[in-house]
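Quick note: the sequence shown uses this note's numbering, first residue 1281, plus one each step.
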Amino acid sequence: MAWFKKVRKPIESANKESRVPEGLWVKCPSCSQIIYNKDLASTLSVCAKCAHHFRVSAAERLRSLYDGEWEEFDTGLASVDPLQFTDTKPYRTRLKTSTEATGMKDAVICARGMVGGVDTVVAAMEYGFIGGSMGVVVGEKITRAIERAIDARLPVIIVSCSGGARMMEGALSLMQMAKISAALARLDRARLPYISILTDPTTGGVTASFAMLGDVNIAEPKALIGFAGPRVIEQTIRQTLPEGFQRSEFLLEHGMLDMVVDRRELKDVVVRVLKFGLPAPREQQAAVAAPLGA
Ligand SMILES: [Zn+2]
1281 MAWFKKVRKP IESANKESRV PEGLWVKCPS CSQIIYNKDL ASTLSVCAKC AHHFRVSAAE
1341 RLRSLYDGEW EEFDTGLASV DPLQFTDTKP YRTRLKTSTE ATGMKDAVIC ARGMVGGVDT
1401 VVAAMEYGFI GGSMGVVVGE KITRAIERAI DARLPVIIVS CSGGARMMEG ALSLMQMAKI
1461 SAALARLDRA RLPYISILTD PTTGGVTASF AMLGDVNIAE PKALIGFAGP RVIEQTIRQT
1521 LPEGFQRSEF LLEHGMLDMV VDRRELKDVV VRVLKFGLPA PREQQAAVAA PLGA
């Protein structure tokens, strides 16, 4: 007989099993289906039952578009709070908490990599960082990304997910609308394609500038896309707005968008558009050679 006996602890292990970590299951806000989080990852965060599109982070977005690795640009840029702005809390505090929550320095990731075998620059906005708002850093990063694309003769994709211009940077944030639009005009003159992908939500100054300037504007289903909110519009025009106003399908019907594409098919569609929009290799060489010959 042994002096010591290993005591089994079946109760403890049972306890461990029943303790479900937070966020392992997600309830679909549209059809109330309970979805296992890992299943959601395999469907690109789209509900398998009702096709509700959950919001995804900028990094997840890049993962869903790029074939593999990507090279990220301007990771060090951060806002300096030029107006020393304070509303319910100081802007600096908001920046700090957003950085801690997302691991990013501002609300966009700009990168270069292969999309369906096509070398492409992609800028994806992060809603988790102060509502994906466009401040000086977002404007500068997107502009630089477009300029890099012009230099290397690459197509550009911008995935919008934003509440609009960043109020805490006042007029400086509004100037980014013009800055990015001007860079896109140069991209257009260089005869390079720009695909705008509008996701839920795309509003304010982002809609009013680069999100609507794509050679092809593609939206995700049922995404909220608009400039001002419905309440403000109703008060201004003194009319009741129609059903489904400011949703992708409504905008497509009224000619504001080119396509509404399910996220699970988005990459295939984007690759097709890229290959359609890119100049043929010979034409591309001619475009590069032209300024020298002139
Ligand atoms: Zn659902």
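Glycine included, C-beta positions come from ideal geometry on N, C-alpha and C.
Rounded Cβ spacing between residue i and residue j (contact assumed at less than 8 Å)
i       : j       : result
His1332 : Glu1500 : Not quite, the Cβ-Cβ distance comes to about 11 Å (not below 8 Å), so this is no contact.
Arg1466 : Val1326 : About 35 Å; that fails the 8 Å criterion.
Ala1403 : Ile1438 : 5 Å
Val1541 : Ile1498 : 5 Å
Pro1435 : Leu1472 : 6 Å
Ile1452 : Pro1362 : In the sequence under discussion, the amino acid at residue 1452 is Leu, which differs from the Ile named in the question. With a Cβ gap of about 6 Å, Leu1452 and Pro1362 count as contacting.
Met1457 : Tyr1371 : Contact doesn't hold; Cβ gap of about 20 Å is too wide.
Tyr1346 : Val1395 : 6 Å
Leu1324 : Ser1344 : 5 Å
Ala1491 : Ile1430 : About 20 Å; that fails the 8 Å criterion.
Ile1425 : Phe1353 : The question names Ile, but residue 1425 in the sequence shown is Ala. About 6 Å; that satisfies the 8 Å criterion.
Asp1495 : Gly1557 : 6 Å
Ile1410 : Ser1378 : 5 Å
Chain-order list of residues whose beta-carbon lies under 8 Å from that of residue i (same chain, five-residue window excluded)
i       : result
Leu1504 : Asp1480, Pro1481, Thr1482, Thr1483, Gln1526, Arg1527
Phe1284 : none
Thr1356 : Rather than Thr, the amino acid found at residue 1356 in this sequence is Gly. These residues qualify, in order along the chain: Lys1385.
Val1549 : Ile1498, Met1539, Val1541
Gly1348 : Gly1393, Met1394
Phe1530 : Pro1522, Gly1524
Asp1319 : Ala1328
Lys1421 : Phe1353, Asp1354, Leu1357, Asp1386, Val1388, Cys1390, Ala1403
Pro1510 : Leu1521, Phe1525, Gln1526
Lys1286 : none
Arg1374 : Ile1410, Met1448
Close Cβ partners of residue i (< 7 Å) along its chain, the five nearest in sequence each way excluded
i       : result
Ser1337 : Glu1406, Gly1408
Lys1459 : Gly1419, Thr1423
Val1486 : Met1414, Ser1440, Ser1442, Gly1444
Leu1342 : Trp1350, Ile1389, Ala1391, Val1402, Ala1404
Gly1506 : Thr1483, Thr1487, Gln1526
Lys1307 : Ile1314
Arg1381 : Before going further, note that residue 1381 is Ala rather than Arg in the sequence given. Cβ neighbours of Ala1381 beyond the five flanking positions: Gly1408.
Phe1365 : Tyr1371, Met1448
Gly1412 : Ala1387, Met1405, Glu1406, Cys1441, Ser1442, Gly1443
Own chain partners of residue i with C-beta closer than 6 Å, once the 5 adjacent residues on each side are dropped
i       : result
His1534 : none
Glu1297 : Model confidence at Glu1297 stands at a pLDDT of 41, short of 50, so the residue's coordinates are unreliable; what they give is reported in the following sentence. Around Glu1297: no qualifying Cβ.
Leu1580 : For the chain, the structure presents residues 1281 to 1574; residue 1580 sits outside this window and is missing.
Val1398 : Leu1554
Val1417 : Leu1357, Ser1359, Asp1386
Thr1520 : none
Met1539 : Ile1498
Arg1392 : Glu1351, Val1401
Leu1532 : Val1540
Gly1450 : Leu1363
For residue i, the residue or residues it bridges with in DSSP
i       : result
Arg1527 : Leu1504
Lys1385 : Beta-bridge pairing links Lys1385 to no other residue.
Met1536 : Met1536 pairs with nothing; no bridge assigned.
Asn1317 : Answer by DSSP bridge pairing: none, since Asn1317 is not bridged.
His1333 : Val1326
Thr1377 : BP columns for Thr1377 are empty, so no partner.
Lys1243 : For residue 1243 there is no data in the structure shown, the boundaries of the chain being 1281 and 1574.
Glu1545 : Paired residue(s): none; Glu1545 is not in a bridge.
Ala1499 : Leu1478, Val1540
Glu1306 : Reading the sequence as shown, one finds Val at residue 1306 and not Glu. Val1306 pairs with Ile1315.
Pro1370 : Thr1366
Glu1352 : Ala1391
Proximity test, Cβ basis, 8 Å: residue i and chain C
i       : result
Thr1382 : Structure shown: chain C not included; a single protein chain is present.
Checklist entry - Could you give the uninterrupted runs of the beta strand (DSSP E) lying entirely in the region 1391 to 1479, keeping only those of 3 residues or more? => result The DSSP assignment places complete beta strand (DSSP E) segments of no fewer than 3 residues inside the region 1391 to 1479 at 1398 to 1405, 1436 to 1442, in order along the chain.
Item to check | Quiz: which residues have CB nearer than 5 Å to ligand 1 non-hydrogen atoms | outcome: Cys1308, Ser1310, Cys1311, Gln1313, Cys1327, Lys1329, Cys1330, His1332
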